[in-house]
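Engineer:
Numbering (the working numbering), first residue to last: 4 to 123.
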């Protein structure tokens, strides 16, 4: 199942970047939120999701998004393996500490990753 999670992460990033290039901003943020939820326990991909949110915020002139992503990038690198608010979408308009419901379609992918973490 780990391979399925990695595939879903790669797809989310690819779709987000494609939507960004096409200036489909709402769609890009939706894919980035998905990538964020899937990568919360992986420091580098988690930071990448925040970096791309920052980039998209800059691209559309949403400076609140840009400013909110800067500390989240550092937090992702430092705290992803220790604690994350599960299901949080990662956007600046949401508290960085607020757990949120995980969409059903992502729960199975994440459950397999949680099992891997607890067996380490």
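The beta-carbon is built from N, C-alpha and C at its ideal position, and this holds for glycine as well. Fair warning: this is a prediction, and the values are worked out from it, not measured in the lab.
Taking only the alpha-carbon atoms, compute the straight-line gap between residue 102 and residue 61 and give it to the nearest angstrom.
Structural biologist: 26 Å
Engineer: Can residue 109 and residue 41 be called in contact, C-beta distance under 8 Å?
Structural biologist: With contacts defined by Cβ atoms closer than 8 Å, residue 109 and residue 41 form a contacting pair.
Engineer: I need the DSSP call for residue 47, collapsed to helix, strand or coil.
Structural biologist: Of the three classes helix, strand and coil, the one that applies to residue 47 here is helix, per DSSP.
Engineer: If I measure Cβ to Cβ from residue 72 and keep anything under 7 Å in the same chain, skipping five residues before and after, which residues do I get?
Structural biologist: 53, 56, 57, 60 and 95
Engineer: Is the Cβ-Cβ distance between residue 34 and residue 11 less than 8 Å?
Structural biologist: no
Engineer: Of all the options 78, 85 and 90, which has the alpha carbon lying nearest to the alpha carbon of residue 51?
Structural biologist: 78
Engineer: Am I right that residue 83 and residue 44 are in contact with their C-beta atoms under 8 Å? What's the rounded C-beta distance?
Structural biologist: 6 Å
Engineer: Reducing DSSP to helix, strand and coil, say where residue 101 ends up.
Structural biologist: For residue 101, the three-state secondary structure derived from DSSP is coil.
Engineer: Using 8 Å as the threshold, is the C-beta distance between residue 89 and residue 105 below it?
Structural biologist: yes
Engineer: May I ask you to report which of helix, strand or coil DSSP gives residue 122?
Structural biologist: Bear in mind that a pLDDT of 47 at residue 122, under 50, signals an unreliable position, so the number given afterwards is only what the model happens to contain. Coil, per DSSP.
Engineer: What three-state label does DSSP hand residue 89 in the structure shown?
Structural biologist: coil
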